[in-house]
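Okay, so here's the structure we're looking at.
In structure tokens:
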């Protein structure tokens, strides 16, 4: 056992996880919907001329981005994450962008997310027409649309992104209501890690598990240790997945959202706190 494994073992014990006694009734999570791609209903006629209705699996929808992520380069990551709601690919070109996408997909207020939306045209200091493509455009439940530029903090000055966004803002009409610049100070590793767990849980959501856990927690006052609750259920993985789903739903909140759940496994029921 190496040092990393020892530290993980100590953290697990401190958090209340006893891996020797974790009970798992299933070999895998049982989701209400397919976790990869989506199912569509197809209607047709069988060999006897009778109406036929069946479900067909189709792959994840392609990204609507105005361009594809560039090829991977040394020290950078490129790829796609899947929006659990629309079953559509969302592109990213850095770990910061990936965290941004995860955090937006983990926010129940965000009802639509676009990567690399159409470019916005604006005049530069000399009056020359330029264009800028934001990394993401998020539409919220209240109808607001927010354009987001993601930059590492050490590149904010050299990229002149502040000046660009300032010049773009007067020309956002019809495109977005607000424009933001996010760096790793906003898109922290801990928040990104928690968001990634929420997005994963959404893909494997089981409503019966969520309802069972919610009923158990409905009248639990104050802050509780998550692993102590989850260990009370016969299937640790299913209960843990339901826990993340209830956090997404807003029924639960992490007590320390700026820390990973592994480091600070505490939450509370929202309506009992208000």
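In this note's numbering, the protein residues as written are 386 to 659.
Idealized CB from N, CA, C, for every residue including glycine.
The C-beta distance from residue 589 to residue 474 rounds to 18 Å, too long to meet the 8 Å contact threshold. For the pair residue 565 and residue 481, the CB atoms are not nearer than the 8 Å cut-off. For residue 539, the secondary structure class from DSSP, reduced to helix, strand or coil, is helix. The C-alpha of residue 603 is placed about 13 Å away from the C-alpha of residue 652. Straight through space, the alpha carbons of residue 445 and residue 467 are spaced by roughly 8 Å. Bridge pairing for residue 633: absent [DSSP]. Straight-line measurement puts the Cα of residue 557 at about 44 Å from the Cα of residue 607. Distances from the CA of residue 650 to each of 638, 658, 657, 656 were compared; the closest alpha carbon is that of 638. Residue 599: member of the alpha helix (DSSP H) spanning 592-602, first to last residue. No residue range can be given for residue 432, since it is assigned to no alpha helix (DSSP H) and is classified by DSSP as neither H nor E. Residue burial is scored here from C-beta neighbours: residue 630 has at least 16 other C-beta atoms within 10 angstroms and is therefore classed as buried.
For residue 635, the CB contacts under 7 Å within the same chain, skipping 5 residues up- and downstream, are 493, 655 in chain order.
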